[in-house]
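Below is one structure, written out as structure tokens, with a few remarks after it.
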Amino acid sequence: MSSSEIDALVAQLDSPEAAVRRRALRGLVRLCPAELPAARRSEVNLHCHTFFSYNARGYSPSRFAWEARIYGLEAAGIVDFDVLDGTEEFLDAGRLLGLKTVAGFETRVFVPEYRARVTNSPHEPGVSYVMSTGFVRPPEPGSEAADVLGQMAACARRRNERMVQRVNAHLEPVTVDYRADLLPLTPAGNVTERHMLAAYVRRAREVLPDRRERAAFWSERLREPVERVHALLDDPVALKALVRARLMKHGGVGYAPPQEGRFPDLNSVVRMTLDCGAVPVGGWLDGTNDGERDPDELFAFWRSRGIEAVCIIPDRNWNVADPRERAVKAAHLNAAVQAAARLSMPLIVGTEMNADGQRFVDSFDVPELAPHRRAFLDGAHFAWGHTLLRMTAGAGATGAWAEAHFGGDRARRNEFFRRLGAVVYPGVAVRDRLTAMGAGVEPQAALAALETHA
């Protein structure tokens, strides 16, 4: 097969049509076996957004799975804002490619206990990003869990619609229509701030094709010197970042202060995650906000609310230009990793990929991250071990099965799922054996089924 034919199939992986994506992936696996390396790197990315929320490269779940497999990632994970639309596609792609895959969502919740402190959502006391991993399918339609997931998406949609109204009023005549301009940018109608940014920057080019007029417009509306705006017109990544900071974030015309009722409730999101047999995950930013100063306190609070793991975006914790700031953030990262270990909370790490310029995978060999590589791999193996057993036997790291076999011994539970997830991707026969064992499977029997056929 020619390189142009391969490129055409790869491009089809980002089609809005699920059938086209599925057919393209099967074609690539059948026609390009040499593209799939046998060896895996000791690298993971378990926090990648797809086009079901926003991916800066336009990746679908199938495309990310393909790129992860040909790169040689040990494990890959998707997380989309307020939806689970890509879950089954991503896990199916993992089975087809022999790639360890996990799936979940990300959302923002209001936490009354932290109403006076900022945790991982800058300038927003009481608001926190939380995630999940280990879903094997969306909740059953009509279930309480499905209602909660629907409410999460509805809350986000209301916030976004109000933001568009406020930003439109400020940017007139550069305006966008939520239904006509934004909904078509996502295959399932899940609009995010990133979609809005792309739409506003594009609309400005359409309404103001003259470069000088466009620079003057952005200079006035963003309160930025026109000379700098002229330079930013050649740097769309920086321009979008400035538009987002000035108009959509704290202090901007589109921003609304956090209030209860505008965000889902933490307890309901955690309960929904557990009801679906998945793993609730708390988010760590970089330790510089007052609510993150003591990671032991924060993580213990999360655990008291049913959160079992900690998500970290490593790049935020070291990749800064100022050496002193880098040292401070690296020290905070060390403290967070140590606190998570003390509380037996696995680490889920990744790069997001929902903004231009973000990495495909972290630089795990840099001095600030190298000491934590093993903890990052262990967390990925835990998440995949849970997902594998949930997909096959219907058992996992949360729920009655884990309680029956491990009680409150989180360290022993985590080690079991880590070992399960560290084994090479199991073939069909092994997966069938686990499925046959069902929810009555014993931990040692599950390990034996994998480790004796690795």
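In short: position in the sequence shown from 1, add 1326, done, that's the numbering used here.
Don't be surprised by glycine CBs; every beta carbon is placed ideally from N, CA and C.
Given the structure is predicted, the values throughout are model-derived calculations rather than measurements.
Query, Result
"May I ask you to report which of helix, strand or coil DSSP gives P1465?", "coil"
"Please tell me whether V1435 and V1453 are closer than 9 Å, where the distance is taken between their beta carbons.", "yes"
"Where L1372 and P1672 are concerned, what is the direct C-alpha to C-alpha distance, given to the nearest angstrom?", "12 Å"
"Return yes when the Cβ of D1411 is within less than 9 Å of the Cβ of E1432, no when it is not.", "no"
"Can you look up L1423 in the DSSP assignment and give me helix, strand or coil?", "helix"
"From the DSSP output, in three-state form, read off S1386 for me.", "coil"
"Which complete alpha helix (DSSP H) runs does the segment 1448 to 1502 hold, if anything under 4 residues is left out?", "1470 to 1497"
"To which residues of the same chain is R1716 closer than 6 Å at the C-beta, ignoring the five residues directly before and after it?", "V1462, G1603 and G1722"
"Under 9 Å between the Cβ atoms of G1580 and M1489?", "yes"
"Going by the beta-carbon positions, is the gap between S1386 and D1418 smaller than 9 Å?", "no"
"To the nearest angstrom, report how far apart T1314 and R1538 are at their CA atoms.", "Outside the modelled stretch of the chain, which goes from 1327 to 1780, sits residue 1314, for which no answer is possible."
"Just tell me which of R1366, C1374, V1346 and S1329 has its CA closest to the CA of L1357.", "S1329"
"Could you tell me if E1343 is buried or exposed, where buried requires 16 or more neighbouring beta carbons within 10 angstroms of its beta carbon?", "exposed"
"According to DSSP, simplified to helix, strand and coil, what is F1436?", "strand"
"For G1617, tell me which candidate among P1448, L1773 and L1714 has the shortest Cα-Cα distance.", "P1448"
"Put A1748 into one of helix, strand or coil per three-state DSSP.", "helix"
"If G1430 sits next to V1456, beta carbons under 8 Å apart, how far is it from one beta carbon to the other, in whole angstroms?", "Not quite, the Cβ-Cβ distance comes to about 10 Å (not below 8 Å), so this is no contact."
"From the DSSP output, which residues share a beta bridge with L1673?", "V1636"
"Using the Cα positions of F1377 and R1531, report the straight-line distance between them to the nearest angstrom.", "24 Å"
"Output the boundary residues of the beta strand (DSSP E) element that contains P1562.", "Not the beta strand (DSSP E): P1562 falls in the alpha helix (DSSP H), residues P1562 to V1569."
"Is A1524 near L1534, with beta carbons less than 9 Å apart?", "no"
"Find the nearest neighbour of M1598 within the set A1495, L1509, D1561 and A1472, judged by alpha-carbon distance.", "A1472"
"If V1756 and A1775 are in contact, beta carbons under 8 Å, what's the gap, nearest whole angstrom?", "6 Å"
"Rounded to the nearest angstrom, what separates G1587 and A1482 at their Cα positions?", "11 Å"
"Let me make sure I understand the geometry here. Which of V1370, R1395, P1363 and H1375 has the alpha-carbon closest to that of V1336?", "R1395"
"Taking the straight line between their C-alpha atoms, what separation do you get for A1495 and G1384?", "29 Å"
"May I have the straight-line CA-CA distance separating S1379 from E1519, to the nearest angstrom?", "10 Å"
"For V1555, which of helix, strand or coil comes out of DSSP?", "helix"
"Whose C-alpha, out of N1680, V1595, F1686 and R1528, is nearest the C-alpha of P1465?", "V1595"
"Figure out for me which residue from G1720, W1392 and H1375 has the closest Cα to the Cα of L1425.", "W1392"
"Quick check on DSSP: helix, strand or coil for N1660?", "helix"
"Who pairs with E1678 in a beta bridge, going by DSSP?", "C1374"
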